[in-house]
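Numbering (the numbering used here), first residue to last: 156 to 514.
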């Protein structure tokens, strides 16, 4: 992901326009998972209204603590953190284990893992119960989340700024679904939802992770953010958002946080750079960073399309799998038009990452 020195993204140019309001709904609990938040905080054109957490990669309580501590270390305690859903709407670990017994093992189950897979490129703390927050190497936070739920926070912010708030949904869709059901006016008044998942082109991802590539090759529509809470994903795909964008895993092909990229991003010594230098781990795919970058600068997208989408809610082997149709061939059961991102300019993504982390 080398970049010519003459290439510059339009970060400073964007700072001259009215700030874009965003809520970051995320499931990162350590390591590089928090890097996309730093990108969004650093962009002068963005106003982060709040960061909500949802169980996915990790448990919500640990994610909330890690997010609070990160904000303390980079001097952004002004940004509120709001704890969200600890469990999916319907799906459970027991149901997932039963489906595995019937249909075969799933290589990754996020917070429900009993042991981290050997292929995993990021070192993680041992799996634990939902209410446990293990000691963090960067220290425990002294600040606390707001005393409301993530769904209520989303509803209140959209009521306050109708038509102005984008929600970047970087994990399972539980919080978003709860907000949509809490207030029928919520979805139509959101400006845009940007989510991620799915490997709709059916390609491997360049040998990034052996087991991950196998999952992509043989079950490309089984995306973690959707199958962890399929009912929430269904609500998200059928709610009346004015605009819904899906950044697919196809788009992450070649988007890797190499050691060279991390060295360049952390060379400035900024608070964000110091934090990344402390927690970063090389050769991790830039999944959420890419999602943030696509929203920040859609010009990095090199291939996109439009589809109608939903997820399979049948309690079988494909529970939670993506369903897609051409726009004129859907079943007419509430599915919405989705703008689908298939590919991006990885060199522009890398330069954006370097500049924003280094600010």
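Glycine included, C-beta positions come from ideal geometry on N, C-alpha and C.
Just mark residue i as buried or exposed, buried being the case when its beta carbon has 16 or more other beta carbons within 10 Å.
{"i": "residue 486", "result": "exposed"}
{"i": "residue 250", "result": "exposed"}
{"i": "residue 457", "result": "exposed"}
{"i": "residue 297", "result": "exposed"}
{"i": "residue 303", "result": "exposed"}
{"i": "residue 294", "result": "exposed"}
{"i": "residue 509", "result": "buried"}
{"i": "residue 260", "result": "exposed"}
{"i": "residue 201", "result": "buried"}
{"i": "residue 511", "result": "buried"}
{"i": "residue 365", "result": "Residue confidence is low: residue 365 scores 48 on pLDDT, short of 50, so the model does not pin down where it sits. Its coordinate-derived value is still stated next. With fewer than 16 other Cβ atoms within 10 Å, it is exposed."}
{"i": "residue 238", "result": "buried"}
{"i": "residue 177", "result": "buried"}
{"i": "residue 547", "result": "Because the chain here runs from 156 to 514, residue 547 falls outside it and cannot be looked at."}
{"i": "residue 454", "result": "exposed"}
{"i": "residue 245", "result": "exposed"}
{"i": "residue 255", "result": "exposed"}
{"i": "residue 286", "result": "exposed"}
{"i": "residue 281", "result": "exposed"}
{"i": "residue 284", "result": "exposed"}
{"i": "residue 507", "result": "buried"}
{"i": "residue 292", "result": "exposed"}
{"i": "residue 212", "result": "buried"}
{"i": "residue 401", "result": "buried"}
{"i": "residue 488", "result": "exposed"}
{"i": "residue 376", "result": "buried"}
Kindly give me the distance between the Cβ atoms of residue i and residue j, rounded to whole angstroms, as I take these residues to be in contact under 8 Å.
{"i": "residue 349", "j": "residue 446", "result": "6 Å"}
{"i": "residue 351", "j": "residue 380", "result": "6 Å"}
{"i": "residue 207", "j": "residue 341", "result": "The pair is not a contact, with the Cβ atoms about 14 Å apart (cut-off 8 Å)."}
{"i": "residue 317", "j": "residue 219", "result": "At roughly 27 Å, the Cβ-Cβ gap does not stay under 8 Å, so residue 317 and residue 219 are not in contact."}
{"i": "residue 179", "j": "residue 333", "result": "Their Cβ separation, rounded to whole angstroms, is 17 Å, which puts residue 179 and residue 333 out of contact at 8 Å."}
{"i": "residue 383", "j": "residue 265", "result": "6 Å"}
{"i": "residue 279", "j": "residue 271", "result": "5 Å"}
{"i": "residue 403", "j": "residue 355", "result": "5 Å"}
{"i": "residue 491", "j": "residue 396", "result": "7 Å"}
What are the boundary residues of the alpha helix (DSSP H) that residue i is part of?
{"i": "residue 267", "result": "Counting along the chain, residue 267 falls outside any alpha helix (DSSP H), and DSSP gives it neither H nor E."}
{"i": "residue 215", "result": "215 to 228"}
{"i": "residue 386", "result": "385 to 393"}
{"i": "residue 202", "result": "Counting along the chain, residue 202 falls outside any alpha helix (DSSP H), though it belongs to the beta strand (DSSP E) covering 201 to 208."}
{"i": "residue 250", "result": "248 to 258"}
{"i": "residue 322", "result": "Element bounds for residue 322: not the alpha helix (DSSP H) but the beta strand (DSSP E), 320 to 324."}
{"i": "residue 466", "result": "That residue, residue 466, is in no alpha helix (DSSP H); its beta strand (DSSP E) goes 456 to 466."}
{"i": "residue 333", "result": "329 to 337"}
{"i": "residue 309", "result": "305 to 315"}
{"i": "residue 442", "result": "442 to 451"}
{"i": "residue 194", "result": "190 to 197"}
{"i": "residue 382", "result": "379 to 382"}
{"i": "residue 414", "result": "414 to 421"}
{"i": "residue 342", "result": "341 to 344"}
For the beta strand (DSSP E) that contains residue i, what are its first and last residues?
{"i": "residue 507", "result": "Unbroken run through residue 507 is the alpha helix (DSSP H), 501 to 512; no beta strand (DSSP E)."}
{"i": "residue 480", "result": "477 to 480"}
{"i": "residue 181", "result": "175 to 181"}
{"i": "residue 432", "result": "Residue 432 -> not in any beta strand (DSSP E); alpha helix (DSSP H) instead, spanning 426 to 434."}
{"i": "residue 351", "result": "347 to 351"}
{"i": "residue 285", "result": "Here residue 285 belongs to no beta strand (DSSP E), and DSSP marks it neither H nor E."}
{"i": "residue 237", "result": "236 to 238"}
{"i": "residue 400", "result": "399 to 402"}
Look at the alpha carbon of residue i and the alpha carbon of residue j, and state the distance between them as a whole number of angstroms.
{"i": "residue 247", "j": "residue 269", "result": "14 Å"}
{"i": "residue 232", "j": "residue 222", "result": "10 Å"}
{"i": "residue 230", "j": "residue 426", "result": "7 Å"}
{"i": "residue 235", "j": "residue 205", "result": "5 Å"}
{"i": "residue 288", "j": "residue 216", "result": "6 Å"}
{"i": "residue 210", "j": "residue 482", "result": "32 Å"}
{"i": "residue 194", "j": "residue 336", "result": "30 Å"}
{"i": "residue 398", "j": "residue 344", "result": "10 Å"}
{"i": "residue 320", "j": "residue 414", "result": "35 Å"}
{"i": "residue 174", "j": "residue 422", "result": "27 Å"}
{"i": "residue 338", "j": "residue 313", "result": "10 Å"}
{"i": "residue 505", "j": "residue 452", "result": "13 Å"}
{"i": "residue 448", "j": "residue 198", "result": "10 Å"}
{"i": "residue 412", "j": "residue 196", "result": "19 Å"}
{"i": "residue 431", "j": "residue 424", "result": "10 Å"}
{"i": "residue 257", "j": "residue 475", "result": "16 Å"}
{"i": "residue 225", "j": "residue 484", "result": "45 Å"}
{"i": "residue 243", "j": "residue 305", "result": "14 Å"}
{"i": "residue 419", "j": "residue 190", "result": "14 Å"}
{"i": "residue 262", "j": "residue 429", "result": "33 Å"}
(request) Examine the Cβ distances between the stretch 459 to 476 and the stretch 177 to 196 and report whether three or more of them are shorter than 8 Å. (result) no
(request) Check whether the stretch 469 to 484 touches the stretch 421 to 439, counting contact only when three or more Cβ pairs, one atom from each stretch, lie closer than 8 Å. (result) no
(message) With three or more C-beta pairs closer than 8 Å as the rule, is the stretch 401 to 413 touching the stretch 493 to 510?
(response) yes
(request) Say whether the stretch 377 to 393 touches the stretch 326 to 333, bearing in mind that this needs 3 or more beta-carbon pairs closer than 8 Å, one atom from each stretch. (result) yes
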